[in-house]
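Residue numbering for the sequence shown follows full-length UniProt numbering, starting at 1 and increasing by one per position.
Take a look at the structure below.
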Amino acid sequence: MKNIYLAIGCSIYFSSPTFALDNNSITCKVLFDFNKTTFDEKKLKDCLEQSTNKKDVKNIEIIASASKGGSNLYNKKLTDKRSKALNQFISKEIPNVKIASSSLGVNEEYGRSGIVHLTAVSQNVTETPKVVETPKEEKPVEKSVEKPVENNSKEELSVKEEVNLNYNDNKFYTNFSLRVGRDYYTYDVHAPYLATGAEVGVQYQQNNWVRYELAAQGNVLTNVTGDPVLNLYTYYAAPGVYLTNSGFLIGVRGLAGAVTNENGQTGRDLGGEIRAGYEYKAFSLILDAGRTESSVRFGMNIGFKI
């Protein structure tokens with residue numbers, strides 16, 4: 001039993017349908033469309049048909065990746081969906097074959113590509129594999145093809161992650177964060193406060209660059225100066241928009257809410273803030289600076305996204 005490799009990337013490498021599987025391997029490359037799960041299905045189909053007899057394929061592994069750009073979490077979900085798209089296409093072309101898959105997220109070597117690894121029964125060698133350059137794709141590498149990798153079929157495939165056909169395709173996330181800051185109350189008695197708070201929000205990642213958010217935030221403003229001023233409580237609804245790239249983000253949010261003191265006196269509090277920070281996987285660290293009708297705000301937010 002030998003292996004045949006199909007790498008979804010830039011060019012197509014294939015031989016005729018009588019290509020030998022016992023001494024050679026083969027590579028097909030078709031780029032995913034930018035920030036999408038679509039690819040040139042005709043090129044992949046032609047490569048499958050001209051490289052091997054479908055009835056000889058026993059097992060298939062799929063690996064998908066993404067180019068660098070946007071948050072790591074977004075790119076991981078994108079490659080999960082790309083892996084699913086390849087799975088659905090391969091299942092139609094070569095039915096009744098066991099398929100396992102992995103998702104790499106950002107991968108500089110493969111970029112917007114994936115790998116389809118097929119295990120097939122041996123056949124007689126009838127010709128040497130050749131390279132066919134496809135239009136509008138990167139120039140293919142040398143005529144020599146990759147060396148086949150020995151595979152113990154079911155044993156190796158068993159450790160791969162099976163394709164999750166129930167994967168949620170949306171781009172919505174829930175974000176929880178804690179805030180600590182120095183807020184200056186300016187409405188009547190000017191005084192600095194230690195601000196501690198928490199928020200929960202829903203975020204929508206439109207693409208690699210744009211994110212929308214709607215959050216609810218509450219803060220406790222504690223008097224730590226010893227001045228005879230009352231502690232305060234603030235509550236805000238905070239709609240916002242961000243620009244994101246490679247984990248970095250910068251954005252603006254509106255603040256619409258109220259401020260209450262220890263005596264229960266409440267007043268309207270409207271304003272806005274600028275936010276900038278960095279995300280790593282599901283975690284984030286964001287700094288904020290804002291102004292409302294009653295205060296000037298400076299804070300740090302530590303968040304977790306699911």
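The beta-carbon is built from N, C-alpha and C at its ideal position, and this holds for glycine as well.
Item	Value
When 178, 67, 294 are compared against residue 208, the one with the closest alpha-carbon	67
Nearest residue (CA-CA) to residue 93, options 211, 42, 74	42
Residue 295 (DSSP reduced to helix, strand or coil)	strand
Short Cβ contact (7 angstroms threshold) for residue 64 with residue 82	yes
Local conformation of residue 282 per DSSP, three classes	coil
Residue 205 vs residue 110 beta-carbon contact at 7 angstroms	no
Segment limits, beta strand (DSSP E) that includes residue 72	Element bounds for residue 72: not the beta strand (DSSP E) but the alpha helix (DSSP H), 72-93.
Beta-carbon gap between residue 253 and residue 238 smaller than 7 angstroms	yes
Assigned secondary structure, residue 46 (DSSP; H/G/I helix, E/B strand, else coil)	helix
Sequence-distant residues of the same chain with beta carbon closer than 8 angstroms to residue 233, five excluded per side	218, 219, 220, 221, 259, 260, 261
Closest Cα partner of residue 240 within the set 192, 294, 256	256
Residue 77 versus residue 35 - alpha carbon distance	11 angstroms
C-beta contact flag for residue 201 and residue 298 at 7 angstroms	no
From 250, 268, 270, residue whose alpha carbon lies closest to that of residue 287	250
Beta-carbon separation (whole angstroms), residue 172 vs residue 304, contact threshold 8 angstroms	Residue 172 to residue 304, Cβ: 16 angstroms. No contact.
Beta-carbon proximity list for residue 315, same chain, < 8 angstroms, skipping 5 on both sides	Not covered by the structure: residue 315. The range shown for the chain is 1 to 306.
Euclidean distance between Cα positions of residue 332 and residue 62	Since the first residue of the chain shown is 1 and the last is 306, residue 332 is not available in this structure.
Beta-carbon separation (whole angstroms), residue 393 vs residue 306, contact threshold 8 angstroms	The requested residue 393 does not occur in the structure, where the chain is confined to residues 1 to 306.
Reduced DSSP category for residue 262 - H, G, I as helix; E, B as strand; rest coil	coil
C-alpha gap between residue 228 and residue 279, whole angstroms	40 angstroms
One or two residues paired with residue 232 in a DSSP bridge	221, 261
Residue 247 vs residue 272 beta-carbon contact at 7 angstroms	no
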